[in-house]
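Residue numbers (this note's numbering), protein chains in the order written: chain S, 28 to 331; chain G, 974 to 1255.
Scroll down for the structure; my scribbles are underneath it.
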Amino acid sequence: MATATTQRSWYKRNEIAVTPWLFLLPGIVMFALYVIFPIFQSFWISFHQWDGLGEKTWVGLANYERLLGGDRKFETSFWNNLRWLVLYLLAIPMGLFISLFLNQKVFGIRLYKSLFFFPFVISQVVVGLVFSWFYLPGDLGLLNVVIGFFGFEPVNILGRAESATYGIIAAGLWPQTAYCMILYLTGLNSVDPEQVEAARLDGAKGHRMLWHVILPQLKPATFIAFVVTIIGALRSFDFIAVMTNGGPFGSTRVLSFYMFEESLSEFGFRMGYGAAIAVVLFFIMLGFITYFLWSMYQDEKGAR
Amino acid sequence: MFPTPLEKTSRQWQIGYQVLLPIVLIIWLLPLIAVAVFSIKPDADFTNGNYWGMPSSFEMFTNYGKVFFESDMPRYLLNSVFITVPTVIGCIVLSSMTGFALGVYKFRGNLLIFFMFIAGNFVPFQILMVPVRDLTLSMNLYDTKTGLVLFHIAFQTGFCTLFMRNFIRALPFPLIEAARVEGVSEWRIFLFVVLPLMKPALAALSVLIFTFIWNDYFWAIVLTQGPDSQPVTAGITSFNSQYRAAYHLMSAGSIVAALPPVAMFFLMQKHFIAGLTLGAVK
């Protein structure tokens, strides 16, 4: 009984200092177990040869030497990742363009906005399937029907190594553009009308108004669009797995897909090599992560 | 308002805009419209090569009936529900607590822990894949819904904490101080003062997490295998190999698989967009 009262009073005395840690505990434990530790474990595994079941064999930097010393699949994946990064960023201007088009007050415009946006909530697996049918060669694919109507030769986008990656990126741009659009629509809603009127009186209009008055006010929306688009580009996996499964001739692989393929391949699990690929991908991402966190940290300091 | 409001522009452009709007929408949704058309066509139209003409008969009920009664689709859908709903609940519980701790209290390491949650959120999944799969195997949870749920809760806690903490930061702090002066204990402040004010954040996060988890494919194929525990995103691929080249059935199946998050979005639009665009306005 006596211990119970002393304990209770200790808790009472330190309540404000202790409570946050009690509230944080379950969240931190889960997050550490499933996210933080695995990052370091992957680094550790990448120095080993491991089939996922038996003993790990220490091989030092051998995985990295093989990876960076002329692995053709790795090179294809790396260049495709760069293509994804650069072309995926087109979602930002495209989203801005559509949001400017839709930022009017006419009958039914809310429904139009929702219908333009809803591809974003469809799973990437289904979007991938929908586009792979859209691209089908012959009369079955609507794309070929449409371009045939305008007198162009039919194309087999996903069947040819030169065009397959671009076809997949175009499919990915569809929901991503919708996402950027909704960010900008929200941003446009809060643009200061007095500044716009003042600029109008000064004779600003069209693209000059957009560039000098509107875009600076949309900066927070642009930052978020940039973050989600970069992350999305480097995470691209679902589209590739569903639309081409890396083919034709391995031409659509990206690092995230190649890593999955190596780790859980049909020819035996090469977890060590897969982990090494993941580490390389992580370092590519780290540059961006550092920049994002730095920007957010500046905001936090400003808020104090 | 930018661009110039329609009522202040020329008559021609006003009419042109009204005409352009539906045309642009149809072009934007063209791939989806194609799938919707396929899903109500009969098998015969595909063997006859009548892909884009009028359907020779409307087989919407036959096609969707087959999806629901002659395939594993209902099982996959049910699995998705049993994976998604517990994840949403778990995330909300954990992150309202972490968000409360980080948003209300000043202590050393507060910002550090906050940024750890944000940083973990940006990490590529692949660097977690091998260890998480190994951990799940060692807990005997491989190919179970529980294994998938635990991982999803942990990973989404990063994003949810960011969301909740920023929301709680914006609440009026004097309210909490007043409760403290009254001698209300800290966990009661959480339950009876802060939590009721967080309803909009809870609603927004629930619909967002529901959509994210329902649409997850990568972790579904890494941590589960068969129709016993795979969600619908992974199940659709086995559904498609069952009905290879039967485009009317594959189309109907895809639409069924995609529908729940779409329905959720149209029902809870306000909360969904509020959650998604958090931080897009200062």
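Backbone N, C-alpha and C fix where the C-beta goes; we use that ideal spot for every residue, glycine too.
Following the continuous alpha helix (DSSP H) through residue i, name the residue where it begins and the one where it ends.
i, result
"residue 201 of chain S", "188-216"
"residue 1203 of chain G", "Per DSSP, residue 1203 of chain G belongs to no alpha helix (DSSP H) and is neither H nor E."
"residue 1173 of chain G", "1172-1187"
"residue 247 of chain S", "246-262"
"residue 1004 of chain G", "1003-1011"
"residue 1099 of chain G", "1099-1111"
"residue 1192 of chain G", "1191-1196"
"residue 221 of chain S", "220-228"
"residue 974 of chain G", "Taken as a continuous stretch (DSSP letters only), residue 974 of chain G belongs to no alpha helix (DSSP H), as it is neither H nor E."
"residue 1150 of chain G", "1146-1154"
"residue 1049 of chain G", "1046-1077"
"residue 56 of chain S", "42-58"
"residue 236 of chain S", "233-236"
"residue 1248 of chain G", "1242-1249"
"residue 1137 of chain G", "1118-1142"
"residue 1092 of chain G", "1083-1095"
"residue 139 of chain S", "136-144"
"residue 1022 of chain G", "Run containing residue 1022 of chain G: none; DSSP gives neither H nor E here."
"residue 1035 of chain G", "1033-1042"
May I have the straight-line CA-CA distance separating residue i from residue j, to the nearest angstrom?
i, j, result
"residue 1236 of chain G", "residue 1049 of chain G", "18 Å"
"residue 67 of chain S", "residue 278 of chain S", "31 Å"
"residue 1037 of chain G", "residue 178 of chain S", "36 Å"
"residue 1177 of chain G", "residue 295 of chain S", "43 Å"
"residue 1094 of chain G", "residue 62 of chain S", "9 Å"
"residue 58 of chain S", "residue 316 of chain S", "18 Å"
"residue 268 of chain S", "residue 287 of chain S", "10 Å"
"residue 193 of chain S", "residue 261 of chain S", "15 Å"
"residue 989 of chain G", "residue 982 of chain G", "11 Å"
"residue 180 of chain S", "residue 195 of chain S", "20 Å"
"residue 993 of chain G", "residue 137 of chain S", "16 Å"
"residue 1096 of chain G", "residue 274 of chain S", "26 Å"
"residue 1199 of chain G", "residue 1251 of chain G", "37 Å"
"residue 1065 of chain G", "residue 1175 of chain G", "7 Å"
"residue 228 of chain S", "residue 217 of chain S", "20 Å"
"residue 986 of chain G", "residue 998 of chain G", "18 Å"
"residue 978 of chain G", "residue 134 of chain S", "13 Å"
"residue 87 of chain S", "residue 74 of chain S", "5 Å"
"residue 1240 of chain G", "residue 1232 of chain G", "12 Å"
"residue 166 of chain S", "residue 1246 of chain G", "38 Å"
"residue 1161 of chain G", "residue 1133 of chain G", "22 Å"
"residue 1055 of chain G", "residue 1081 of chain G", "39 Å"
"residue 1026 of chain G", "residue 164 of chain S", "18 Å"
With the cut-off set at 8 Å, would you say residue i and residue j are in Cβ contact?
i, j, result
"residue 1121 of chain G", "residue 1197 of chain G", "yes"
"residue 107 of chain S", "residue 281 of chain S", "yes"
"residue 1226 of chain G", "residue 1008 of chain G", "no"
"residue 1209 of chain G", "residue 1230 of chain G", "yes"
"residue 974 of chain G", "residue 247 of chain S", "no"
"residue 1118 of chain G", "residue 1052 of chain G", "yes"
"residue 60 of chain S", "residue 1127 of chain G", "yes"
"residue 285 of chain S", "residue 104 of chain S", "yes"
"residue 1016 of chain G", "residue 1028 of chain G", "no"
"residue 215 of chain S", "residue 130 of chain S", "yes"
"residue 200 of chain S", "residue 117 of chain S", "yes"
"residue 155 of chain S", "residue 203 of chain S", "no"
"residue 1181 of chain G", "residue 1075 of chain G", "no"
"residue 1100 of chain G", "residue 308 of chain S", "yes"
"residue 1010 of chain G", "residue 1106 of chain G", "no"
"residue 1228 of chain G", "residue 1030 of chain G", "no"
"residue 198 of chain S", "residue 270 of chain S", "yes"
"residue 101 of chain S", "residue 188 of chain S", "no"
"residue 69 of chain S", "residue 1103 of chain G", "yes"
"residue 1234 of chain G", "residue 1183 of chain G", "yes"
"residue 1242 of chain G", "residue 1185 of chain G", "no"
Residues of chain C with CB closer than 7 Å to the CB of residue i, please, in chain order.
i, result
"residue 258 of chain S", "Checking the listed chains, one finds no chain C in this structure; the protein chains it contains are S and G."
### alpha helix (DSSP H) runs wholly inside the region 65-126 of chain S, at least 4 long, in chain order
Runs of the alpha helix (DSSP H) lying entirely within the region 65-126 of chain S, each at least 4 residues long, are 89-95 and 99-115 in chain order.
### Query
Using 8 Å as the threshold, is the region 36-49 of chain S in touch with the region 1107-1114 of chain G, meaning 3 or more CB pairs across them?
no
### Cβ contact check for the region 1207-1218 of chain G and the region 1054-1066 of chain G: 3 or more pairs under 8 Å
They do not touch, by the three-pair rule.
### Query
Does the pairing of the region 1160-1172 of chain G with the region 1079-1088 of chain G give three or more beta-carbon distances under 8 Å?
no
### Query
Are the region 231-250 of chain S and the region 300-308 of chain S touching, with three or more C-beta to C-beta distances below 8 Å?
no
### Query
On the three-pair Cβ rule with 8 Å, is the region 121-134 of chain S touching the region 209-221 of chain S?
yes
### Message
What ranges does the alpha helix (DSSP H) occupy inside the region 268-308 of chain S, keeping only unbroken runs of at least 4 residues that lie completely in it?
### Response
282-290
### Message
Does the region 134-152 of chain S come into contact with the region 225-239 of chain S, if we say contact requires no fewer than three beta-carbon pairs (one atom in each stretch) closer than 8 Å?
### Response
no
### Query
For the region 252-259 of chain S against the region 1066-1085 of chain G, are there 3 or more C-beta pairs whose distance is under 8 Å?
Not touching, per the Cβ criterion.
#### Entry: At least three beta-carbon pairs within less than 8 Å, the region 71-88 of chain S to the region 1143-1150 of chain G
no
### Task
Could you name each continuous beta strand (DSSP E) segment of 3 residues or more that falls completely within the region 147-189 of chain S, going from the start of the chain to the end?
Residue ranges of uninterrupted beta strand (DSSP E) with 3 or more members are absent from the region 147-189 of chain S; none lies entirely inside it.
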